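A quick write-up on the structure given underneath.
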Amino acid sequence: MLNPLFLFPYVVLPVMNMLLAASMIAIHLVPASAYNVLSGTPGPLVAFIATNGTWQALVFSMLLFALDILLYLPIIKMSKDVQDEIDLLNDEEAVYKHVK
Numbered sequence: 013m014l015n016p017l018f019l020f021p022y023v024v025l026p027v028m029n030m031l032l033a034a035s036m037i038a039i040h041l042v043p044a045s046a047y048n049v050l051s052g053t054p055g056p057l058v059a060f061i062a063t064n065g066t067w068q069a070l071v072f073s074m075l076l077f078a079l080d081i082l083l084y085l086p087i088i089k090m091s092k093d094v095q096d097e098i099d100l101l102n103d104e105e106a107v108y109k110h111v112k
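Each number in the working numbering comes from the position in the sequence shown (counting from 1) with 12 added on.
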């Protein structure tokens, strides 16, 4: 079942990544893509290969990846806390039914 808690980062993080990448290209810290890259290429390597192997693109894509992980961690923790509460309520309900 779809967890609505994950909808916000699932939609917002790619948009944020695109805006940050466009800003870095606009201020010339990361070069623009020069080559097409095959669709099966791993995400962090796409920018590196597309810019003819510039280290700035590789470092920037790794930083974006790390930032995405850091922004997902609180959502994952919230999801785990909610699931723990659900499990606790289910256990209490099972004990109540058994005692009755």
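Backbone N, C-alpha and C define an ideal beta-carbon position, used for all residues, glycine too. Only a predicted model underlies this, so the values are computations on that prediction, with no experimental measurement involved.
Cβ pair residue i, residue j closer than 9 Å
{"i": "V42", "j": "A33", "result": "yes"}
{"i": "L70", "j": "P56", "result": "yes"}
{"i": "S91", "j": "N15", "result": "yes"}
{"i": "F72", "j": "M36", "result": "yes"}
{"i": "P21", "j": "Y108", "result": "no"}
Same chain, Cβ closer than 8 Å to residue i, five either side skipped, listed in chain order
{"i": "S45", "result": "A59, A62 and T63"}
{"i": "M74", "result": "P56"}
{"i": "T66", "result": "V42, P43 and F60"}
{"i": "D103", "result": "none"}
Whole-number beta carbon distance between residue j and residue i, since they are thought to touch under 8 Å
{"i": "I87", "j": "L17", "result": "6 Å"}
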